[in-house]
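Reading through the structure tokens given below for one structure.
Protein chains: 2
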Amino acid sequence: MTTQTDFDMPERILLGPGPSMVHPRVLRAMSRPLVGHLDPLFLQLMNEVQQLLRYVFQTNNQLTIPVSGTGSAAMEAALCNFIEPGDSVVIGVNGYFGNRLCDMAGRYGATVRRLEKAWGEVFTPDEIEAELKKGPARLVALVHAETSTGALQPMEGMAEVVHRYGALLLIDCVTSLGGVPVKVDEWGVDIAYSGTQKCLSCPPGLGPLTVNEQARQVLRSRKTPVKNWYLDLTMLERYWGETRTYHHTAPISMNYALLEALRLVQEEGLEARFARHRRHAELLWQGLEALDFSMHVPLAYRLPSLTTVRLRPGLDDLAVRKRLLNEFNIEIAGGLGELAGKIWRIGLMGYSSRQENVNLLLEALRKVTGG
Amino acid sequence: MTTQTDFDMPERILLGPGPSMVHPRVLRAMSRPLVGHLDPLFLQLMNEVQQLLRYVFQTNNQLTIPVSGTGSAAMEAALCNFIEPGDSVVIGVNGYFGNRLCDMAGRYGATVRRLEKAWGEVFTPDEIEAELKKGPARLVALVHAETSTGALQPMEGMAEVVHRYGALLLIDCVTSLGGVPVKVDEWGVDIAYSGTQKCLSCPPGLGPLTVNEQARQVLRSRKTPVKNWYLDLTMLERYWGETRTYHHTAPISMNYALLEALRLVQEEGLEARFARHRRHAELLWQGLEALDFSMHVPLAYRLPSLTTVRLRPGLDDLAVRKRLLNEFNIEIAGGLGELAGKIWRIGLMGYSSRQENVNLLLEALRKVTGG
């Protein structure tokens with residue numbers, strides 16, 4: 005037997021696009037002993053998780069659950085349940101995750117209609133309407149908060165257009181839920197999903213998903229079975245519904261963590277939480293501008309939870325980030341896809357969104373980049 | 005704001021089919037702060053997790069990873085990557101999870117050939133050969149340890165037959181890995197998967213999977229893309245391989261837990277761990293027989309990690325289990341499918357496999373059933 009010490013990890017200042025820092029109460033929740041997945045206490049916990057997810061999604065949708073995988077699994081669940089081979093699907097592609105939506109939808113046999121825009125731009129309802137005029141679609145998918153670009157898609161007027169043409173509206177809220185308003189019912193969104201490791205400040209491993217009655221009707225009217233067992237909502241809605249019909253073993257400890265993270269959101273209150281994210285983002289933007297950096301996304305649709313900032317000419321992307329991590333214990337991220345090497349991505353999400361973190365990062369950047 | 009106390013859960017004695025009890029060191033590992041999924045420290049952790057998974061699977065397979073979902077996700081990954089529409093697949097159905105394999109394989113377009121046996125029985129190589137003689141198959145799937153029946157499928161001679169007919173051998177090790185021998189390389193198994201919440205005594209949420217070179221060759225020779233994005237091994241092998249190409253955000257805390265759970269397995273040693281599972285199972289069987297219960301599965305292929313015991317006539321399944329939980333804080337499980345109401349399932353897996361747990365259960369059963 006080797007001499008073994010307990011597992012350890014240093015405490016990083018996580019200011020990338022996720023995972024964000026996790027509140028000590030959430031970490032403590034995960035360290036509680038396990039109960040069984042059919043234990044009455046766990047069934048009660050499932051109810052509370054669902055109720056609080058409805059609160060953050062601002063919805064009354066009964067079918068609101070944490071998918072037992074990361075945000076990408078929730079993304080796939082949001083698509084595969086509503087697509088049958090040959091269905092026409094319109095997807096807004098203005099960043100990395102729009103591309104991923106296209107990849108996934110294609111695997112389920114959809115005829116994918118890519119609506120392209122520059123990375124960092126957003127869509128108008130008129131642009132969506134122009135596409136829908138060309139022919140009907142089963143659904144329109146948009147990324148509400150593009151983690152690769154830092155753009156926040158305005159939702160006003162979108163559902164009205166999409167519904168007028170008989171399609172469902174699906175949105176990706178991975179980097180918005182819990183940090184900026186996501187008003188599923190008010191906006192008329194039919195399907196929305198997120199991840200836990202961003203503004204909810206829970207470790208990665210679960211994917212919140214909400215589906216309204218119109219979308220459930222589409223699910224019930226399918227002519228073919230869902231081509232994915234693990235993410236099949238016709239079974240998951242029974243597992244998370246009144247009968248609790250066994251499907252898979254829910255990740256117990258991850259649900260402990262999610263419940264505690266959601267309780268923290270509720271205790272703070274959504275409005276106060278959104279204001280905090282906004283306030284610290286503005287501090288960051290001012291500080292970055294003072295260091296002679298410019299933001300990639302115009303203020304009008306700039307995402308508070310994730311900032312994309314352009315590198316100044318001559319700066320070495322990897323070298324700067326390596327020094328931030330090794331000398332200052334701070335993680336930020338580089339660009340994805342076509343923005344690689346051109347921007348940094350700085351997240352101020354959930355428990356990471358604190359004034360001291362903004363100050364620590366700005367001071368470190370000043371020292372490292374000589375701004 | 006409501007007055008809120010920290011999240012809490014009681015400490016149950018978990019003797020059902022999983023989750024099993026989790027060692028305090030694993031619980032503590034999960035409560036460590038998060039690092040990013042691209043942090044050099046996390047990449048190093050991924051390597052160690054893979055190396056220790058190879059140890060428990062007794063394999064040198066390079067493609068050995070924890071799938072970012074529960075055991076059911078690993079099951080689906082084990083199928084969907086190797087099946088193309090029209091492929092013929094032979095599946096041994098002698099319990100609930102054989103049925104699940106058929107359900108999943110069918111969704112990916114396989115022509116499923118169900119090889120049926122009574123729940124609790126196992127297959128011989130001759131029976132597999134008789135089926136393969138009827139026509140070639142892409143793969144043969146067997147459940148090594150049937151969580152619904154408590155039967156342990158002998159593996160001697162299986163791969164030889166399966167390979168002679170040009171098929172891949174896939175096995176479900178959900179309830180065996182880490183508790184009874186799983187010799188992937190020695191047995192010639194091509195694809196094997198498991199869950200973390202059984203004999204590895206880690207919380208549910210990850211699905212260990214190992215794939216050998218023959219199976220990877222089949223994956224590389226696909227004519228169509230894998231019809232599942234989240235579980236697509238052509239991308240996952242790059243994420244877990246040398247390039248670390250971003251796919252999804254790994255569940256950080258769950259991987260902390262798995263690493264610590266695997267370290268505990270290594271410290272104990274596989275042989276000692278198997279002997280412990282065997283010893284406590286035998287104690288349980290003797291004790292149950294002394295209480296006039298009989299086992300569902302003959303000793304020759306009875307699974308040590310999960311015992312199925314027949315209810316004595318007149319016993320009320322639900323009432324007994326409810327009293328065990330409420331009065332003795334002990335969880336055991338009822339039967340699934342055609343064994344519902346006829347058997348109980350008693351797990352002695354990982355950290356749950358302790359002499360005191362056997363004694364507590366036998367004493368509680370004696371009091372509750374008047375044995």
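Chains A and B, in that order, give the protein sequences.
Heads up: take any position in the first sequence, counting from 1, add 4, and you land on this note's numbering.
Heads up: take any position in the second sequence, counting from 1, add 4, and you land on this note's numbering.
Here a beta-carbon is modelled for each residue, glycine too, at the ideal position from N, C-alpha and C.
Using a Cβ cut-off of 7 angstroms (strictly closer), state whether residue i contacts chain A.
i        : result
B:Leu365 : no
B:Phe11  : yes
B:Ala33  : yes
B:Ser357 : no
B:Thr153 : no
B:Val26  : yes
B:Met50  : no
B:Gly338 : no
B:Met108 : yes
B:Glu342 : no
For residue i, name the three-state secondary structure that DSSP assigns.
i        : result
B:Val313 : strand
A:Ser24  : coil
B:Leu292 : helix
B:Leu319 : coil
A:Arg248 : coil
A:Tyr59  : helix
B:Glu164 : helix
B:Pro70  : strand
B:Met299 : strand
A:Pro129 : helix
A:Pro44  : helix
B:Thr6   : Note that B:Thr6 has pLDDT 46, beneath the 50 cutoff, so the model's placement of it is unreliable and the number below is only indicative. Of the three classes helix, strand and coil, the one that applies to B:Thr6 here is coil, per DSSP.
A:Trp191 : helix
A:Asp107 : helix
Does the beta carbon of residue i sit closer than 7 angstroms to a beta carbon anywhere in chain B?
i        : result
A:Ser309 : no
A:Thr74  : yes
A:Asp194 : no
A:Lys137 : no
A:Val178 : no
A:Leu38  : yes
A:Lys231 : yes
A:Gly245 : no
A:Gly20  : yes
A:Arg248 : no
A:Arg370 : no
Buried or exposed for residue i, please, with buried defined as at least 16 other CB atoms from any protein chain shown within 10 angstroms of its CB.
i        : result
A:Leu47  : exposed
B:Asn98  : buried
A:Thr228 : exposed
A:Asp194 : buried
B:Ser298 : exposed
B:Pro28  : exposed
B:Asp176 : buried
A:Tyr100 : buried
A:Arg370 : exposed
B:Pro70  : buried
B:Arg306 : buried
B:Asn64  : exposed
B:Gly378 : With chain B represented from 5 up to 375, any question about residue 378 of chain B goes unanswered, as that position is not in the structure.
B:Gly73  : buried
A:Gly341 : exposed
A:Glu80  : buried
B:Gly236 : Reading the sequence as shown, one finds Asp at residue 236 of chain B and not Gly. Under this definition B:Asp236 is a buried residue.
B:Met5   : Per-residue confidence for B:Met5 stands at a pLDDT of 41, beneath the threshold of 50, marking its modelled position as unreliable; the derived number appears in the next sentence. Under this definition B:Met5 is an exposed residue.
Please go through the same chain and pick out, in chain order, the residues whose beta-carbon is closer than 7 angstroms to the beta-carbon of residue i, but skip the five residues on each side of it.
i        : result
A:His41  : Thr253, Ala254, Ile256
A:Gln359 : His284, Leu287
A:Arg226 : Glu88
Looking only at C-alpha atoms, which of the options sits nearest to residue i?
i        : options                               : result
A:Glu271 : A:Val178, A:Gly182, A:Ala323          : A:Gly182
B:Gln157 : B:Gly124, B:Leu204, B:Val166          : B:Gly124
A:Thr189 : A:Thr312, A:Pro21, A:Arg58            : Per the sequence shown, residue 189 of chain A should be read as Asp rather than Thr. Comparing Cα positions, the closest option is A:Arg58.
A:Gln388 : A:Leu240, A:Val230, A:Asn363          : Residue 388 of chain A cannot be examined here, being either before or after the span of chain A that is shown, 5 to 375.
A:Pro208 : A:Glu342, A:Ile350, A:Val116, A:Pro21 : A:Pro21
B:Leu2   : B:Lys231, B:Ala78, B:Arg267           : Residue 2 of chain B lies beyond the residue range present for chain B, which begins at 5 and ends at 375; the question has no answer from this structure.
B:Asn216 : B:Ala163, B:Thr151, B:Asp320          : B:Ala163
B:Arg316 : B:Lys346, B:Pro212, B:Arg142          : B:Lys346
Give me, in chain order, the residues of the same chain whose beta-carbon lies closer than 8 angstroms to that of residue i; leave out the 5 immediate sequence neighbours on both sides.
i        : result
A:His281 : Gly183, Val184, Cys203, Pro308, Ser309, Leu352, Met353, Ser357
Can you check whether the C-beta of residue i is within less than 7 angstroms of a C-beta belonging to chain E?
i        : result
A:Ile256 : Of the protein chains in this structure, namely A and B, none is chain E.
Examine the ligand COA and report whether any of its heavy atoms sits within less than 6 angstroms of the Cβ of residue i.
i       : result
A:Val97 : As for the ligand COA, it is missing from this structure, which has no ligand bound.
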